[in-house]
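Chemist: Handing you a structure now.
Residue numbers (my numbering): 26 to 351.
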């Protein structure tokens, strides 16, 4: 019923195949808040990748602030990273998170430190609004050299009859070994310094523009066929969240964690970011969504299509033009 021409992405660390290893998964909870840490293995060799996934779950209206890009993974090379799509659970909570593909630098024991997620907003039944934190526990990762059998599988040139020398027969001056060790330490230090200096540029490189992320989320909403399945309320919850998250990412409005009334009050006091027509459209859109979400209003197909079109058009009309500044 609903149509949207969007542009898709297909980069995901989950495409990396898991190898043999001992996985780790654990959940930490405090009231309605929870976080989950998953490592696809805790023992690997230098030829392996490590997949780290962190998820946060909280009620609607609460903002989950995840650790910054690279925090807690400084001792690894980041091969890939992506933010997990926010989704609504059957319990009425919102799940967000991210996933890394990491590569070890040397064979040793690594410690992934505790990762902290901050939750901002009012918790039902709680004593006050404010900031709440949940942290994982630190977790050790053992990185080993490839097994000796790997050398047995190496093919030697049959024509030359060359064979690898046994390690115990390899002789080298002590100064040569010291020099190689120094070079290795300098190289590792250079990599770590480079990662620190380029942390911001990596963030810019992988950040999806807000309008692209919103349009892709709309396309996924269409693909899920919620209206045809009779899940009208869930459709309205998701489309409302899509536009709220777009407003925060594009204009820095704190829309996701505010009620509609609080957000519209902020909008009335804003004098620069949006035109009056767009403010009026937002007020009508969010008010209509609340009627379906909380007042049990049953929209007809024309209302549903108009709601979808309003969300899409708002995103397209407020997308910054090339070389324009907000």
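For every residue, glycine included, the Cβ atom is placed at its ideal position computed from N, Cα and C.
No experiment lies behind these values; they were computed from the predicted model shown.
1) Residue 130 by DSSP, collapsed to three states: which one?
2) Pick helix, strand or coil for residue 122, following the three-state DSSP scheme.
3) When DSSP labels each residue in this structure, what does residue 262 get in the three-state scheme?
4) Would you grab the beta carbon distance between residue 98 and residue 77 for me? Rounded to a whole angstrom, and I think it's under 8 Å.
5) Looking only at C-alpha atoms, which of 116, 69 and 93 sits nearest to residue 85?
6) Any beta carbon of chain B sitting closer than 9 Å to that of residue 91?
7) Determine contact between the stretch 67 to 75 and the stretch 85 to 96, defined as no fewer than three beta-carbon pairs at a distance below 8 Å.
8) Cα-Cα, which of 83, 208 and 79 is closest to residue 56?
9) Note down the Cα distance separating residue 119 from residue 283, rounded to an integer number of angstroms.
10) Among 133, 345, 132 and 159, which residue has its Cα nearest to the Cα of residue 51?
11) Residue 143 by DSSP, collapsed to three states: which one?
12) According to the Cβ coordinates, are residue 298 and residue 262 closer than 9 Å?
13) Quick one: using the 10 Å Cβ neighbour count with 16 as the cut-off for buried, is residue 293 buried or exposed?
14) For residue 138 and residue 207, what's the separation of their Cα atoms in angstroms?
15) Per DSSP, what kind of secondary structure is residue 346 in: helix, strand or coil?
16) Among residues of its own chain, excluding the 5 on either side of residue 236, which ones have a beta-carbon nearer than 6 Å to its beta-carbon?
17) Applying the criterion that 16 or more other CB atoms from any shown protein chain within 10 Å of the CB defines a buried residue, is residue 146 buried or exposed?
18) How many angstroms separate the CA atom of residue 267 from the CA atom of residue 260?
19) Please report the residue range of the beta strand (DSSP E) in which residue 323 lies.
20) What is the DSSP secondary structure of residue 341, reduced to helix, strand or coil?
21) Using DSSP's beta-bridge definition, name the partner residues of residue 49.
22) For residue 111, which residues of its own chain have a beta-carbon under 8 Å away from its beta-carbon, when the five flanking residues on both sides are left out?
23) What residues are listed by DSSP as bridge partners for residue 336?
24) With burial defined as no fewer than 16 other Cβ atoms inside 10 Å of the residue's Cβ, what is the status of residue 75: buried or exposed?
25) Is DSSP giving residue 203 helix, strand or coil here?
26) With a cut-off of 8 Å on the beta carbons, I'd call residue 209 and residue 170 a contact; round off their distance for me.
27) Would you decide whether residue 301 is buried or exposed? Buried here means 16 or more other CB atoms lie within 10 Å of its CB.
28) Helix or strand or just coil, what does DSSP make of residue 352?
29) Would you kindly work out how many angstroms separate the C-alpha atoms of residue 48 and residue 234, rounded to a whole number?
30) At what residues does the alpha helix (DSSP H) containing residue 288 begin and finish?
31) Return the residue from the list 272, 240 and 148 that minimises the CA-CA distance to residue 87.
Modeler: So, to answer that:
1) In the three-state DSSP reduction, residue 130 falls in the coil class, being neither helix nor strand.
2) The answer is strand: DSSP assigns residue 122 an E or B state.
3) The three-state secondary structure of residue 262, taken from DSSP, is helix.
4) About 7 Å separates the two Cβ atoms, so the contact holds.
5) Relative to the Cα of residue 85, the nearest Cα in the group 116, 69 and 93 belongs to 116.
6) Protein chain content of the structure displayed is limited to a single chain, and chain B is not contained in it.
7) No, because fewer than three Cβ pairs between the stretch 67 to 75 and the stretch 85 to 96 fall closer than 8 Å, the two stretches do not touch.
8) Taking only the C-alpha atoms, the option nearest residue 56 is 83.
9) The C-alpha of residue 283 is placed about 15 Å away from the C-alpha of residue 119.
10) Measuring from the Cα of residue 51, the nearest candidate turns out to be 159.
11) Strand.
12) Against a cut-off of 9 Å, the Cβ pair of residue 262 and residue 298 comes out as no contact.
13) Counting of Cβ neighbours within 10 angstroms places residue 293 among the exposed residues, the total staying below 16.
14) Their Cα atoms are separated by approximately 28 Å.
15) Residue 346: coil per DSSP, three-state reduction.
16) If we look at residue 236 and ignore the five residues flanking it on each side, its Cβ neighbours are 340 and 344.
17) Residue burial annotation: residue 146 is buried, with at least 16 other C-beta atoms found within 10 angstroms of its C-beta.
18) Spanning the two alpha carbons is a distance of roughly 11 Å.
19) For residue 323, there is no enclosing beta strand (DSSP E), as DSSP marks it with neither H nor E.
20) It is helical.
21) Checking the DSSP bridge columns, you'll see residue 49 partnered with 64.
22) These residues qualify, in order along the chain: 119, 120, 121, 266 and 270.
23) Paired residue(s): none; residue 336 is not in a bridge.
24) The residue in question, residue 75, is buried, as its Cβ has 16 or more Cβ neighbours within 10 Å.
25) Here DSSP, grouped into helix, strand and coil, assigns residue 203 to helix.
26) In this structure residue 209 is not in contact with residue 170, their Cβ atoms being roughly 14 Å apart against a cut-off of 8 Å.
27) With fewer than 16 other beta carbons inside 10 angstroms of its own, residue 301 counts as exposed.
28) Limits of the chain in this structure are 26 at one end and 351 at the other, which puts residue 352 out of reach.
29) Looking at the two C-alpha atoms, the distance is approximately 34 Å.
30) Residue 288 -> alpha helix (DSSP H) spans 285 to 294.
31) It is 148 whose Cα lies nearest to the Cα of residue 87.
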